[in-house]
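There are 2 protein chains.
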Amino acid sequence: MQEERRLAVLRAIVEDYVATEEPVGSKALVERHGLNVSPATVRNDMAALEDEGYLTQPHTSAGRVPTDKGYRLFVDRLTTLRTMSAAEKRAIAGFLDGAADPDEIVARSVRLLSQLTRQVAVVQYPTLSRSTVRHVELVALTAERLLAVLILSSGRVEQRVVELGEPLVDDDLAALRSKVGRAATGSVISDAATALGALAESESGPAAAVAGVLVEALEDHRSDSRVAVGGAANLARYGDHFDSAVRPLLEALEEQVVLLKLLGEASDADTVTVRIGAEGPIEQFSATSVVATGYGPHDDALAALGIVGPTRMDYPGTMAAVRAVARYVSRILDEN
Amino acid sequence: MQEERRLAVLRAIVEDYVATEEPVGSKALVERHGLNVSPATVRNDMAALEDEGYLTQPHTSAGRVPTDKGYRLFVDRLTTLRTMSAAEKRAIAGFLDGAADPDEIVARSVRLLSQLTRQVAVVQYPTLSRSTVRHVELVALTAERLLAVLILSSGRVEQRVVELGEPLVDDDLAALRSKVGRAATGSVISDAATALGALAESESGPAAAVAGVLVEALEDHRSDSRVAVGGAANLARYGDHFDSAVRPLLEALEEQVVLLKLLGEASDADTVTVRIGAEGPIEQFSATSVVATGYGPHDDALAALGIVGPTRMDYPGTMAAVRAVARYVSRILDEN
DNA sequence: CTTGGCACTCTGACTACACGAGTGCCAGAC
DNA sequence: GTCTGGCACTCGTGTAGTCAGAGTGCCAAG
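Protein chains in written order, with my numbering: chain A, 1 to 336; chain B, 1 to 336.
Here you go:
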């Protein structure tokens, strides 16, 4: 019974604090929320919650503020995931419809997500392990340097420069092209990589070089680890905590590796992962939370998307937005 | 004679203000710089400079601060463009060497430039109007939808999705491929665009659709207007003026169009253009300066690069860095 | 277990005030 | 005509003191 009320108090504190950015006191709390108890009772509960580590006071005789642990409890036990309104759903669908190739889809998602949540959005490019090799093209740049282009069924194109180490004449190029083409064209990328790997072993000289580079390109494509970022302007809303929160984030936004690490473990589709403050893998982001989820065609989580924001954020709304976008993007990928 | 000293005073004020970020007063000035006159004399000069609009006081009885007009004069008449030290030159060369395709070069330049200047760097992708079409590839995505891929001699690849409006069978695809290929392959992109335009006119149905889309793609490629941005973390150093300067910039960084407008008129190679505060084309950037120049192979200015920073910046150093990077990038493009 | 009362603490806003940096101007020196 | 020293004046900044308000903790009674 008391336990239940305590949770209600915690929830109310989180909601108020998120809304006002000010430590919330007992009196204001009973007034704004319909708690049918006196401020004194709430104070006792708050003291207990503070003992258990869910709240802190910035200083004696100020209101309480949730700790990371408090947010954690709030997210785990007190959040009923909002569902998006019909209008919101239409807006999402409208925003994403008509995007054809994966790059376009990602670009639009990142924009959409940052607008919906008013946070910095991060979307990993989908890995497309099921795609097949449509075509391999070799273009001579100089006598000893080729451009190898892989066209994949997903609509993605991978290109690499190959240093041959020895000059090549036109006839050789045609031969090389058909040899490599035969090995790779039409196969799923893992099979193509195997075939090209074998080619790299058995051949020597230019053919081996080209095959080797193509294997690399396919590997990169499979574990495509690029990410798109959007909504950096939302960082302007952080207000204070500039040095503690905004600066590390700004630095990270240009480091693909760091961003990937942030999204990292959120690879389950249909589970929205929330990493709060110091729970995350990166030290400097202790004032930052990540809300992320996996997405991909066929409920097969192939990539992650999410947002990065201050620990003090509207978790229910944000989680709902992240989930909704992930679902729609997955559906669109499905259709292609 | 007095005129000369006045300019010396202006220069000293700009230098001090840039270094300290604090309004500079007459006494401190004569001490720090070797002006062989008394503070009172300097005060007279300062009053004159203020009358002419080169300086302002934040409030009565504070030091003076340069106005945009003051910076302008400083840049136009008082700046001897620093040359980079041998070590700096080596560093630049080392950083850029080994980049093969244009994307890589741009990525490295943007990074280099932001590190050298500690500002936000903006680099336009080089337009490659002289490149030729190496190959055209058509890939069926669905019965009514094609992916068209253009491989260009520059190493760049353009891809488009084409909606055909009617189903296509395999034989048609092969015919279409060779028809389009014959029209475009091997030509400089402007010729290829003309040939494909003719094709779009004379044919109907799928062939016209494909040709039309390819013409568009070539146009886009010719006036390739993408830009790369880097060093956003340097925005953190703006200190105050957060709302007036950082926020609009953050918003702009995701808008390609705005960035292009910023670089816009700086398309002369070997002339470093400086746009100070409200001189620029964008209203919200009145607290921001742009230092930019053109670059490209063969002294043929094909694209622009530069930095964006607060009006209060080290102009000589920044201009030198921008020029140096532009030169090295041009040279590397030359070699390819 | 809840509640009202009470004493206590701390912040934030406001005022007052002295200090220092800087200015403008004037009269005299070069 | 130009420079200089002196002097009165202006403001912004930092310090100290005061005060009201919000919030707490605890205790005793319901």
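Ideal Cβ positions, reconstructed from N, Cα and C, are used throughout, including at glycine.
From residue i to residue j, what does the alpha carbon distance come to, in whole angstroms?
{"i": "residue 130 of chain A", "j": "residue 281 of chain B", "result": "48 Å"}
{"i": "residue 49 of chain A", "j": "residue 11 of chain A", "result": "12 Å"}
{"i": "residue 253 of chain A", "j": "residue 259 of chain A", "result": "7 Å"}
{"i": "residue 150 of chain B", "j": "residue 157 of chain B", "result": "6 Å"}
{"i": "residue 177 of chain B", "j": "residue 286 of chain B", "result": "52 Å"}
{"i": "residue 327 of chain A", "j": "residue 68 of chain B", "result": "51 Å"}
{"i": "residue 96 of chain B", "j": "residue 86 of chain B", "result": "16 Å"}
{"i": "residue 251 of chain B", "j": "residue 231 of chain A", "result": "8 Å"}
{"i": "residue 208 of chain B", "j": "residue 139 of chain B", "result": "16 Å"}
{"i": "residue 115 of chain A", "j": "residue 325 of chain A", "result": "11 Å"}
{"i": "residue 185 of chain B", "j": "residue 147 of chain A", "result": "16 Å"}
{"i": "residue 152 of chain B", "j": "residue 165 of chain A", "result": "23 Å"}
{"i": "residue 248 of chain A", "j": "residue 278 of chain B", "result": "31 Å"}
{"i": "residue 29 of chain B", "j": "residue 118 of chain B", "result": "27 Å"}
{"i": "residue 43 of chain B", "j": "residue 20 of chain B", "result": "20 Å"}
{"i": "residue 31 of chain A", "j": "residue 60 of chain A", "result": "22 Å"}
{"i": "residue 195 of chain A", "j": "residue 94 of chain A", "result": "42 Å"}
Apply the 10 Å Cβ neighbour rule to residue i and answer buried if 16 or more other Cβ atoms are within range, or exposed otherwise.
{"i": "residue 135 of chain B", "result": "buried"}
{"i": "residue 124 of chain B", "result": "buried"}
{"i": "residue 58 of chain A", "result": "exposed"}
{"i": "residue 80 of chain B", "result": "exposed"}
{"i": "residue 293 of chain A", "result": "buried"}
{"i": "residue 298 of chain A", "result": "exposed"}
{"i": "residue 271 of chain A", "result": "exposed"}
{"i": "residue 83 of chain A", "result": "exposed"}
{"i": "residue 289 of chain A", "result": "buried"}
{"i": "residue 137 of chain A", "result": "buried"}
{"i": "residue 201 of chain B", "result": "exposed"}
{"i": "residue 322 of chain A", "result": "buried"}
{"i": "residue 122 of chain A", "result": "buried"}
{"i": "residue 15 of chain A", "result": "buried"}
{"i": "residue 66 of chain A", "result": "buried"}
{"i": "residue 170 of chain A", "result": "exposed"}
{"i": "residue 337 of chain B", "result": "Only positions 1 to 336 of chain B appear in this structure, which leaves residue 337 of chain B out of reach."}
{"i": "residue 63 of chain B", "result": "buried"}
{"i": "residue 257 of chain A", "result": "exposed"}
{"i": "residue 174 of chain A", "result": "exposed"}
{"i": "residue 34 of chain A", "result": "exposed"}
{"i": "residue 309 of chain B", "result": "buried"}
{"i": "residue 342 of chain A", "result": "Because residue 342 of chain A is not part of the residues shown, which for chain A are 1 to 336, the question remains open."}
{"i": "residue 334 of chain A", "result": "exposed"}
Name, please, each residue of chain B whose Cβ falls closer than 8 Å to the Cβ of residue i.
{"i": "residue 372 of chain A", "result": "A question about residue 372 of chain A goes unanswered here, because the residues of chain A that appear run from 1 up to 336."}
{"i": "residue 250 of chain A", "result": "232, 233, 235, 236"}
Which residues in chain A have a C-beta closer than 7 Å to the C-beta of residue i? List them in chain order.
{"i": "residue 31 of chain B", "result": "Under the 7 Å cutoff, chain A gives no residues; its nearest Cβ is about 33 Å from residue 31 of chain B."}
{"i": "residue 151 of chain B", "result": "137, 139, 149"}
{"i": "residue 134 of chain B", "result": "139"}
Just tell me which of the options has its CA closest to the CA of residue i.
{"i": "residue 70 of chain B", "options": "B:8, B:44, B:237", "result": "B:8"}
{"i": "residue 76 of chain B", "options": "B:276, B:261, B:202", "result": "B:276"}
{"i": "residue 330 of chain B", "options": "B:279, B:274, B:268", "result": "B:268"}
{"i": "residue 191 of chain B", "options": "B:219, B:45, B:53, B:166", "result": "B:219"}
{"i": "residue 89 of chain B", "options": "B:284, B:335, B:286, B:320", "result": "B:320"}
{"i": "residue 141 of chain B", "options": "A:101, A:112, A:163, A:139", "result": "A:101"}
{"i": "residue 338 of chain A", "options": "A:245, A:228, A:226", "result": "Residue 338 of chain A lies beyond the range of chain A shown here (1 to 336); nothing can be said about it."}
{"i": "residue 103 of chain B", "options": "A:60, A:117, A:161", "result": "A:161"}
{"i": "residue 228 of chain B", "options": "B:188, B:207, B:109", "result": "B:109"}
{"i": "residue 226 of chain A", "options": "A:106, A:45, A:52", "result": "A:106"}
{"i": "residue 261 of chain A", "options": "A:304, A:99, A:195", "result": "A:304"}
{"i": "residue 132 of chain B", "options": "B:92, B:91, B:183, B:188", "result": "B:188"}
{"i": "residue 72 of chain A", "options": "A:238, A:313, A:143, A:4", "result": "A:313"}
{"i": "residue 332 of chain A", "options": "A:17, A:316, A:18, A:92", "result": "A:92"}
{"i": "residue 163 of chain A", "options": "A:179, A:203, A:210", "result": "A:210"}
Along chain B, which residues have their Cβ under 9 Å away from the Cβ of residue i?
{"i": "residue 72 of chain A", "result": "The contacting residues do not exist; residue 72 of chain A stays about 29 Å from chain B at best."}
Anything in chain A within Cβ reach of residue i, meaning under 8 Å, just list it in chain order.
{"i": "residue 247 of chain B", "result": "233, 236"}
At a CB-CB cut-off below 9 Å, which residues of chain A make contact with residue i?
{"i": "residue 182 of chain B", "result": "In chain order: nothing, as chain A lies at least about 17 Å away."}
Let me know the alpha helix (DSSP H) ranges lying completely inside the stretch 154-217 of chain A, each 4 residues or longer, listed in chain order. 170-184, 189-202
Whole alpha helix (DSSP H) runs in the stretch 8-66 of chain A with 4 or more residues, listed along the chain? 26-32, 39-51
Could you tell me which uninterrupted beta strand (DSSP E) segments, each at least 3 residues in length, are contained entirely in the stretch 273-300 of chain B, listed from first to last along the chain? 273-275, 288-295
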